[in-house]
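Same order as they appear, the protein sequences are chains A and B.
According to our numbering, the stretch in the first sequence is residues 6 to 296, in order.
According to our numbering, the stretch in the second sequence is residues 470 to 705, in order.
A short worksheet on the structure shown next.
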Amino acid sequence: MATVQVSEAEKVYILHGVRDDLRVDGRGCEDYRHMEIETDVVSNTDGSAKVSLGHTDVLVGVKAEIGKPRPMVPHEGYLEFFVDCSANATPEFEGRGGDELGVELSNTLYKVFNNRSSIDLKSLCISPGEHCWVLYVDVLLLQCDGNLFDAISVAIKAALFNTKIPKVHLSENEEGGKEIELSDDPYDCMRLNVENVPCIVTLCKVGYRHVVDATLQEKACSVASLIISVTHKGTITCVRKVGGGSLDPESIFETTETGKRVGKALHAPLMELLQKEENLGKKRPKVGFLG
Amino acid sequence: GEVERVNKLICVRPLKTRFNGEVGDVVVGRITEVQQKRWKVETNSRLDSVLLLSSVNLPGGELRRRSAEDELTMRDYLQEGDLISAEVQSVFSDGALSLHTRSLKYGKLGQGVLVQLSPSLIKRQKTHFHNLPCGTSIILGNNGFVWLYPTPGQQDEEAGGYYTSLEPVSLSDREVISRLRNCLLALAAHKVLLYDTSVLYCYESSLPHQIKDILKPEVMEEIVMVTRQKLVEQEG
């Protein structure tokens, strides 16, 4: 992750500010920065979304391909995640520098989605044991200003909401093998139910309190953070601790409660916004990358 | 960019550029390296600026020749990551700036907030150190780095910039500093020239809004429009 240097006096200032619930930019400990979401930005994917949270920019594209289901679960499709930290984000990501962070992010995403209820995988099945939909979720980091996990998870939720998977018809050909036909109508597609897709909330420990959506300066003052993925009902699907510092067990409980509260509050306005954008239909002005 | 014409010579000042220092500019910089007899300071210019050991004030204000011992205790004074305010003494042939802190108003900076903006937005004025009436002080560095800090109370300056107070800053001061920071970002986003009057007008027109709302695009536009109007009225 990109790092900035802070002097000792600045660290003290930030610590005292967080203790008084007034951060450097006037936010409280549980406030997010200004977030902008736009879906359907990349035309040759089945679903895409671009999220900018403060100065962090993330682009997610979802492509649906037909593949063989996993042998243990023949009735389900699956998701594949790939995170690319582009050198655009910071000079540290030049060459192979961004690979380590990319792998860490992908592994976390696998953990987050590794449960029965996030996405209805049975709906991705075409013929059990033979064909299923595989959703390749590709994440591209364009700019890095702290709080990557949150931005990525919101972008994935928006992209999955925007994904249009074409409907398939199974038919038998002469030799008795199955043939798959994709319908020709571009509007004849299946949408995914993203109600249960979790959102990730990163809580950084600064002093004795935790802050949501830390900027790079606040990150430089924190020694440990907790990454929690929360669904809209408040269920936690994954908890991870990053950073070299230690966390007190009681404070972990408090932190997860805060994370649940913040995560729950994030889902409802997000779904509302996505629905509104969808309802604008073809007529909405596309901003894309130039806005 | 901005065009200047002198007879047949045309100069263009770009809107977004690295800092090109001149002798006498006040800068706010961050120490990146501690070398043998100098510190390397990052000032948003093409090359890191240089702060020579002979250009800083020793503790206690002594005037003596710098010895080998002074070299070894350089890190006690300024470490990597520390912020300083300094003046440009001269420019090396390769374009790097040589800084000095040989006055009591320059030196290591204590608690406060740094805002990084484009150097072309800072207006050149007589003085860049201002004590704003709202209760905080501001240093508008020519290199685009602006430092906001709570106005120091009555204290004797014999420490000469060595002692940084780590006392907690009061909540009211913090609110003013956060509000000013957001105002600076709003003005910079709308390319308004920054000097003490414009910052003050922006602060006043932002008072009806909550501090964290100032960064929303709609609120930003509104505040900057009111500020522009006030500035035009003041000139007219």
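Even for Gly, the Cβ is constructed at its ideal location relative to N, Cα and C.
Model, not experiment: these values are computed from the prediction.
Item, Value
"Short of 8 angstroms Cβ to Cβ, which residues in the region 675 to 691 of chain B face chain A?", "679, 680, 681, 683, 684, 685 and 686"
"In chain order, which beta strand (DSSP E) runs of at least 3 residues are fully inside the region 55 to 110 of chain A?", "61 to 72 and 83 to 90"
"Examine chain B for any beta-carbon lying closer than 8 angstroms to the beta-carbon of residue 213/A, and answer yes or no.", "no"
"Under the assumption that residue 574/B contacts residue 598/B (Cβ atoms under 8 angstroms), give the Cβ distance between them as a whole number of angstroms.", "6 angstroms"
"Under a three-way DSSP split, which group does residue 274/A fall into?", "helix"
"DSSP three-state label for residue 591/B, please.", "strand"
"Mind pulling the chain B residues with CB within less than 9 angstroms of residue 189/A?", "Under the 9 angstroms cutoff, chain B gives no residues; its nearest Cβ is about 42 angstroms from residue 189/A."
"In this structure, does DSSP put residue 629/B in helix, strand or coil?", "For residue 629/B, the predicted model reports a pLDDT of 47, less than 50, meaning its position is unreliable; a value from the coordinates is still stated below. Three-state result, residue 629/B: coil."
"With a threshold of 8 angstroms between beta carbons, is residue 582/B in contact with chain A?", "yes"
"Which bits of chain A does residue 638/B rub up against, with CB to CB less than 7 angstroms?", "18 and 21"
"Does residue 550/B have its Cβ less than 8 angstroms from a Cβ in chain A?", "yes"
"Considering just the uninterrupted stretch of the alpha helix (DSSP H) at residue 699/B, what are its terminal residues?", "686 to 704"
"What's the C-alpha gap between residue 600/B and residue 511/B?", "25 angstroms"
"Between 289/A, 163/A, 187/A and 83/A, which lies nearest to residue 115/A when the distance is taken from Cα to Cα?", "83/A"
"For residue 166/A, which option in 32/A, 12/A, 19/A and 281/A has the closest C-alpha, if you only look at C-alpha atoms?", "281/A"
"Name, going along the chain, the residues of the region 250 to 276 of chain A whose beta-carbon falls closer than 9 angstroms to a beta-carbon of chain B.", "none"
"Name the DSSP beta bridge partners of residue 187/A, please?", "173/A"
"Please name the residue, chosen from 605/B, 686/B and 497/B, that lies closest to residue 585/B on a Cα-to-Cα basis.", "497/B"
"Residue 491/B to residue 674/B, Cα distance in whole Å?", "34 angstroms"
"Out of 238/A, 234/A, 251/A and 250/A, which one is the CA nearest neighbour of residue 244/A?", "234/A"
"Can you give me the C-alpha to C-alpha distance between residue 690/B and residue 659/B, rounded to a whole angstrom?", "8 angstroms"
"For residue 55/A and residue 217/A, I'd like the C-alpha separation in whole angstroms.", "21 angstroms"
"Assuming residue 648/B is part of the beta strand (DSSP E), what are its boundary residues?", "Element bounds for residue 648/B: not the beta strand (DSSP E) but the alpha helix (DSSP H), 640 to 658."
"Please tell me whether residue 30/A has its Cβ less than 8 angstroms away from any Cβ of chain E.", "No chain E appears in this structure, whose protein chains are A and B."
"According to DSSP, residue 4/A sits in a beta bridge with which residue or residues?", "Nothing in the structure corresponds to residue 4/A, since chain A is present only between 6 and 296."
"For a quick check, are the C-beta atoms of residue 107/A and residue 88/A less than 8 angstroms apart?", "yes"
"So residue 39/A contacts chain B; which residues on that side make the cut at Cβ distance below 9 angstroms?", "684, 685 and 686"
"In angstroms, rounded to a whole number, what distance separates the CA positions of residue 188/A and residue 70/A?", "15 angstroms"
"From residue 626/B to residue 543/B, what distance separates their C-alpha atoms?", "Model confidence at residue 626/B stands at a pLDDT of 49, short of 50, so the residue's coordinates are unreliable; what they give is reported in the following sentence. Looking at the two C-alpha atoms, the distance is approximately 21 angstroms."
"If I'm right that residue 42/A touches residue 144/A with Cβ under 8 angstroms, what's the distance once you round it to whole angstroms?", "So it is not a contact: roughly 14 angstroms between Cβ atoms."
"Counting only beta-carbon atoms, is residue 647/B nearer than 8 angstroms to chain A?", "yes"
"Just the chain A side, please: which residues come within less than 7 angstroms of residue 513/B by C-beta, in chain order?", "Under the 7 angstroms cutoff, chain A gives no residues; its nearest Cβ is about 13 angstroms from residue 513/B."
"Can you say whether residue 537/B is buried or exposed, counting buried as having 16 or more other CB atoms within 10 angstroms of its CB?", "exposed"
"Listing by chain order, which chain A residues have their CB less than 7 angstroms from the CB of residue 651/B?", "30 and 31"
"Between the alpha carbons of residue 123/A and residue 247/A, how many angstroms are there, rounded?", "23 angstroms"
"Should the region 21 to 30 of chain A be regarded as contacting the region 129 to 146 of chain A, the criterion being three or more beta carbon pairs within less than 8 angstroms?", "no"
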